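Reading through the structure tokens given below for one structure.
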Amino acid sequence: MTTVQATPALFVKMAISAWDSQVKQMDKLIESFTDEQWMSEIAPGKNRGIYILGHLAAVNDYMLSLFEFSDRLHPEWEHMFIRTPDKSGHEFPSLEQLKKYWRQVNEALASNFGKMEPEAWFLKHTSVSDEIFVKEPHRNKLNVLINRTNHQSYHLGQLVLLQKLNTD
1 MTTVQATPAL FVKMAISAWD SQVKQMDKLI ESFTDEQWMS EIAPGKNRGI YILGHLAAVN
61 DYMLSLFEFS DRLHPEWEHM FIRTPDKSGH EFPSLEQLKK YWRQVNEALA SNFGKMEPEA
121 WFLKHTSVSD EIFVKEPHRN KLNVLINRTN HQSYHLGQLV LLQKLNTD
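Given below as structure tokens:
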């Protein structure tokens, strides 16, 4: 049996690979959705596809500042897509704007991820204080990436279901 040495670089590579896989799956799904499917609810009274797309883009946008890469591209969308539920009376950006936003955010993240040294992934992010990080070193950038990958996977599953329920 061949064994591979578990190194920080290996763990980071696995996490980024999982992230990239989820982003690519989402990209494919985005292109296959009809406008009608984007406006459909996951279940009666639940989120619509367009809200989920905006939500995922806004959450990923937040990672830019969380990892100290840059300011967020659209911080004004945090309230609309993270702090409040769908159908809260907000006028959403157009579907084309949201798709463009999704691509821009993920291109910025991919570019920055590629520049990070493996050890940098084990440093604290901006939402945790130095004091807490000393006690809880698992609250690092790699942990955020893993959690956001899972979050994206959850919503991707919702969108796959939405598409199946709304296929002619």
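Following the UniProt record's numbering, the numbering of the sequence shown begins with 1 at its first residue and continues without gaps. Yeah, the Cβ is synthetic: ideal placement off N, Cα and C, and Gly gets one too. Being a predicted model, the structure only gives us computed values, none of them experimental.
Between which residues of its own chain and residue i is the CB-CB distance below 7 Å, once the five residues before and five after are set aside?
i	result
K46	none
L95	D35, W38, I50
S127	L66
Can you round the beta-carbon distance between residue i and residue j to whole angstroms, since I take them to be within the 8 Å contact cut?
i	j	result
N106	V23	5 Å
R148	V59	7 Å
Q158	I16	About 24 Å; that fails the 8 Å criterion.
L161	S40	About 11 Å separates the two Cβ atoms, so there is no contact after all.
P8	P118	4 Å
L56	Q152	6 Å
Helix, strand or coil for residue i, going by three-state DSSP, please let me know.
i	result
K124	strand
N47	coil
N166	coil
E76	coil
residue 184	Since the first and last residues shown for the chain are 1 and 168, residue 184 lies out of range.
Just how far apart, CA to CA, sit residue i and residue j?
i	j	result
Q104	W19	16 Å
D86	M1	51 Å
L98	E91	13 Å
H125	D27	27 Å
K13	V144	15 Å
residue 173	A120	What is shown of the chain runs 1 to 168, which leaves residue 173 out entirely.
P93	M80	10 Å
F33	E136	41 Å
N166	K100	24 Å
E76	I82	10 Å
V134	L109	26 Å
M116	E31	30 Å
G54	I42	15 Å
Spatial neighbours of residue i within its chain, please: C-beta separation below 8 Å, excluding the five flanking residues on both sides.
i	result
L10	V4
L156	Q22, Q25, M26, L29
Keeping to the same chain, check which residues put their C-beta closer than 6 Å to that of residue i; ignore five residues upstream and five downstream.
i	result
I146	A15
W102	A57
- Sequence ranges, alpha helix (DSSP H) only - wholly within the stretch 86 to 135, length at least 4: Fully enclosed alpha helix (DSSP H) runs of 4 or longer: 95 to 115, 130 to 135.
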